[in-house]
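This report concerns only the one structure given below.
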Amino acid sequence: MNSREALFEDLRTLVIKVGTRVLCEDDNSLSEAQLANLSSGISALQDRGYSVVLVTSGAVGVGMGVLGYSERPTVPAEKQACAAIGQIRLMQT
């Protein structure tokens, strides 16, 4: 057993954090291919007995895509709107 395998031997819960650059295409739309790869990887970990927690920080980016923003908003209310819409889209996906 190598040191990497030894590190994971006693772990039962893994936390995976992904952000906008992983979840979104250049136009801030959700990347179906990335989501499929992520889902497949998480499923494989679960099949090996791990409990997996997925944490995302891409809500603003996803909301930007839904609302048609090409640049990150600077007005707090606009950023909050993007985050609210993006979070819903992430939860639905």
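Quick note, this note's numbering runs 24 ahead of the 1-based positions in the sequence shown. All C-beta atoms, glycine included, are put in the ideal place defined by N, C-alpha and C.
Exposed or buried, which one is residue i when buried takes at least 16 other CB atoms within 10 Å?
i: Thr98; result: exposed
i: Ala83; result: buried
i: Leu54; result: buried
Specify, as a first and last residue, the run of the alpha helix (DSSP H) that residue i falls within.
i: Val46; result: 44 to 47
i: Val99; result: Careful: Val99 lies outside any alpha helix (DSSP H) and carries neither H nor E.
Short check: CB of residue i to CB of residue j, under 8 Å?
i: Gly87; j: Cys48; result: no
i: Leu114; j: Leu69; result: no
Mind checking which residues open and close the beta strand (DSSP E) that includes residue i?
i: Leu78; result: 75 to 80
In whole angstroms, what separates the C-alpha of residue i from that of residue j?
i: Cys106; j: Ala30; result: 42 Å
i: Ile92; j: Val46; result: Checking the sequence shown, residue 92 turns out to be Gly, not Ile. Cα-Cα distance, rounded: 19 Å.
i: Thr117; j: Arg28; result: 32 Å
Based on Cα-Cα distance, which residue from the options lies nearest to residue i?
i: Thr80; options: Arg28, Asp34, Lys41; result: Lys41
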